[in-house]
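Protein chains in written order, with my numbering: chain W, 1 to 294; chain D, 295 to 564.
As structure tokens, this is what we get:
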């Protein structure tokens with residue numbers, strides 16, 4: 001009787017009900033996310049002999065992934081492109097987030113955020129393809145510049161290279177950089193800004209000494225949110241990157257599909273994820289340490 | 295505070311043009327009477343939309359995409375609802391790591407999700423099918439559903455549910471009669487958003503599709519044929535229009551949800 005009662009109490013407890021409710025979603029994610037990720041990790045230590053998978057543990061794939069020039073070049077280039085995309089998006093995003101937070105009437109803010117996020121949800125492939133049309137030899141940019149008499153011959157440095165990849169990826173990830181900065185700016189207590197003003201700070205110094213430091217958590221979040229996923233895009237490099245704009249994801253895709261060397265693909269994928277995660281962690285840690293951003 | 299024209303406003307104008315440039319060009323080229331996707335424009339035609347009607351392969355791809363998007367929307371909203379409710383209402387052990395795992399696909403590159411699911415499915419000896427794409431899509435949509443539904447459940451007034459218990463309703467009845475109607479706008483918004491994400495998703499679908507392509511996978515296959523490009527522009531325009539309508543509806547319901555629970559409405563979906 002007594003035992004039954006405690007059992008009942010436990011079943012009624014927050015912990016039990018919470019665990020019960022979350023379990024379907026959690027189990028789904030364990031089975032389809034955690035276990036598959038673990039398997040990719042295991043796969044990266046195995047080797048492929050044609051159709052047979054040799055499950056002896058070996059570092060051979062990592063030796064290839066880290067040792068051979070082509071993978072080194074691709075990895076270094078991917079990191080460079082991702083870093084450039086991140087810097088570009090955060091710099092472009094900050095004024096937008098600032099404008100919506102400080103210069104838009106509160107009742108219109110949601111509409112602005114909606115307007116900014118719409119392109120992110122729609123026509124992923126067509127968007128990238130249209131950048132090819134915009135930046136192309138006979139494209140929109142060259143056409144208008146020639147029409148305006150600013151240049152005589154079409155610019156060739158804007159398509160089929162790394163600049164095009166950075167621009168197109170930056171365009172795709174802008175909303176994701178704007179949102180965290182906007183949220184951080186919204187949290188700023190406006191009386192602090194008034195205090196700075198009362199103490200004689202000009203608008204620029206007030207921004208640099210009050211607004212910017214207080215919004216750093218948002219900037220940090222934006223940096224990480226953009227930096228990590230951009231390393232994984234293989235569509236943008238393929239469509240607008242040209243031969244010298246390909247990234248590590250194109251190689252991962254190749255290994256898993258046509259080259260049929262999944263273990264090497266897995267080693268490349270794991271290496272890329274480890275490198276971007278470590279860089280992100282160091283970046284966040286440095287900022288916390290020196291800028292005291294929370 | 296607002297002076298007529300500030301540098302910031304000029305910047306915002308350039309930013310919006312930059313942001314919407316592809317979306318504006320898409321319908322322009324779709325109605326352009328030329329087999330080349332380039333300026334200068336030639337004239338107005340609806341020919342390219344006609345081509346879409348006659349392409350059989352496109353119709354089956356569209357059917358696949360619809361089936362996947364509807365199933366994904368329902369499954370990810372259900373899974374999202376359970377997790378969002380658990381996270382908002384209860385304190386339980388391992389809450390943070392569990393939620394961390396569930397929200398992980400939001401920051402994980404999609405290629406990693408595609409690759410890891412592909413490895414598991416092939417190891418288990420299953421064939422790639424529409425179902426494998428659905429599993430991948432549910433995985434990436436669930437975090438967005440949770441983001442939308444969390445605020446709905448957080449703002450839910452618990453006393454309403456308690457009142458229902460006091461009036462003798464069971465837990466399940468209370469959930470369907472009280473809780474669900476109160477978070478209904480959030481649920482609809484979540485269904486619409488996950489439908490839109492799934493409809494447009496390419497990277498995972500490309501890895502996990504077998505012989506039956508989705509619309510984006512079909513588009514990807516056609517992109518290398520220059521003569522198909524104008525009709526792809528027409529298809530892209532239709533998809534853009536559908537996504538826009540769904541997103542506007544989603545935003546409308548999200549806002550209604552915010553009003554229903556009486557909270558200040560400050561931001562978008564995330």
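We treat Cβ as the ideally placed atom computed from N, Cα and C, and that holds for glycine.
Since the structure is predicted, the reported quantities are computational estimates derived from the model, not experimental observations.
Taking the continuous alpha helix (DSSP H) assigned at residue 320/D, which residues delimit it? 301-324
Exercise for review: List the endpoints of the continuous beta strand (DSSP E) containing residue 463/D.
Suggested key: Residue 463/D -> no beta strand (DSSP E), and no H or E assigned at all.
Leaving out five residues on either side along the sequence, give the residues of the same chain with a beta carbon under 7 Å from the beta carbon of residue 97/W.
178, 181, 182 and 185
* To do: Quick one: grab the DSSP three-state call for residue 564/D.
  => With a pLDDT of 45 at residue 564/D, under the threshold of 50, the modelled position of this residue cannot be trusted, and the question is left open.
Top-ranked residue by Cα proximity to residue 353/D, from 438/D, 513/D and 319/D:
513/D
Backbone secondary structure at residue 501/D - three-state DSSP: helix
Note to self: Which residues in chain W have a C-beta closer than 7 Å to the C-beta of residue 373/D? List them in chain order.
What the structure shows: 24, 25 and 28
Notebook entry, point to check: Under 8 Å between C-beta atoms, does residue 385/D make it to chain W?
Noted result: yes
Suppose only complete runs of 4+ residues qualify. What are the alpha helix (DSSP H) ranges in the stretch 345-407 of chain D, listed by chain order? 350-383 and 389-397
For this session: Can you pull the chain D residues whose beta carbon is under 7 Å from the beta carbon of residue 232/W, in chain order?
Result: 403, 404, 405 and 406
- If the cut is a Cβ gap below 8 Å, which residues of chain W does residue 510/D touch? 124 and 125
What distance in whole Å lies between the Cβ atoms of residue 230/W and residue 128/W, which are believed to be in contact at a cut-off of 8 Å? Wrong, their Cβ atoms sit about 13 Å apart, outside the cutoff.
Give a yes or no on whether the minimum CB-CB distance between residue 249/W and chain A is below 8 Å.
-> Here the protein chains are W and D, and chain A is not one of them.
message = If contact is defined by three or more beta carbon pairs under 8 Å, each pair taking one atom from either stretch, is the stretch 358-367 of chain D in contact with the stretch 489-506 of chain D?
response = yes
**Study point:** Exposure label - residue 295/W; buried when at least 16 CB within 10 Å
**Key:** The requested residue 295/W is not part of the displayed model; chain W covers only 1 to 294.
Next on the checklist: Please state the DSSP three-state secondary structure of residue 338/D.
Outcome noted: strand
- Query: Ordered along the chain, which non-local residues of its own chain (more than five positions away) have a Cβ less than 8 Å from that of residue 261/W?
  - Reply: 48 and 255
Below 8 Å on the Cβ atoms is my contact criterion, and I expect residue 18/W with residue 446/D to pass it. Report the Cβ-Cβ distance as a whole number of Å.
In fact, because the Cβ distance is near 17 Å, the residues do not count as touching under 8 Å.
- Message: My assumption, with CB atoms under 8 Å, is that residue 436/D sits in contact with residue 396/D. Please give the rounded CB distance.
- Response: 7 Å
Task: Close beta carbons around residue 71/W, own chain, < 6 Å, minus the five adjacent residues each side - done: 65
If you run the structure through DSSP and keep just helix, strand and coil, what is residue 52/W?
strand
Practice item. Go through the stretch 42-126 of chain W residue by residue and report every complete run of the beta strand (DSSP E) that reaches 3 residues or more, in order. Key: 47-49 and 52-54
Taking the alpha helix (DSSP H) that residue 448/D belongs to, which residues open and close that run? 424-448
Inset, instruction - Identify the contact partners of residue 171/W in chain D, using a Cβ-Cβ distance below 9 Å as the criterion. - result: 312, 313, 315 and 316
Notebook entry, point to check: How about residue 509/D and residue 355/D: do their beta carbons lie closer than 8 Å?
Noted result: yes
Practice item. Give the secondary structure of residue 188/W by DSSP, where H, G and I count as helix, E and B as strand, and everything else as coil. Key: coil
Q: Quick one: using the 10 Å Cβ neighbour count with 16 as the cut-off for buried, is residue 480/D buried or exposed?
A: buried
>> Quick check: what's the CA-CA separation for residue 141/W versus residue 132/W?
In response: 11 Å
message = Quick check: residue 472/D and residue 443/D, are their CB atoms within less than 8 Å of each other?
response = no
>> With three or more beta-carbon pairs closer than 8 Å as the criterion, would you say the stretch 34-53 of chain W touches the stretch 259-278 of chain W?
In response: yes
Checklist entry - Which whole-angstrom value describes the C-beta separation of residue 248/W and residue 78/W, a residue pair presumed to lie in contact below a C-beta threshold of 8 Å? => result 4 Å
* Asked: With distances taken from CA atoms, which of 333/D, 519/D and 308/D is nearest residue 171/W?
  -> 308/D
>> Can you find the residues in the same chain that come closer than 8 Å, C-beta to C-beta, to residue 420/D, ignoring five residues on each side of it along the sequence?
In response: 426
Member of 238/W, 264/W and 15/W whose CA lies at the smallest distance from the CA of residue 125/W: 238/W
* To do: Taking residue 43/W as the query, report the chain D residues whose CB atoms sit under 7 Å from its CB, ordered along the chain.
  => 413
message = Does residue 331/D come out as helix, strand or coil in the three-state DSSP assignment?
response = coil
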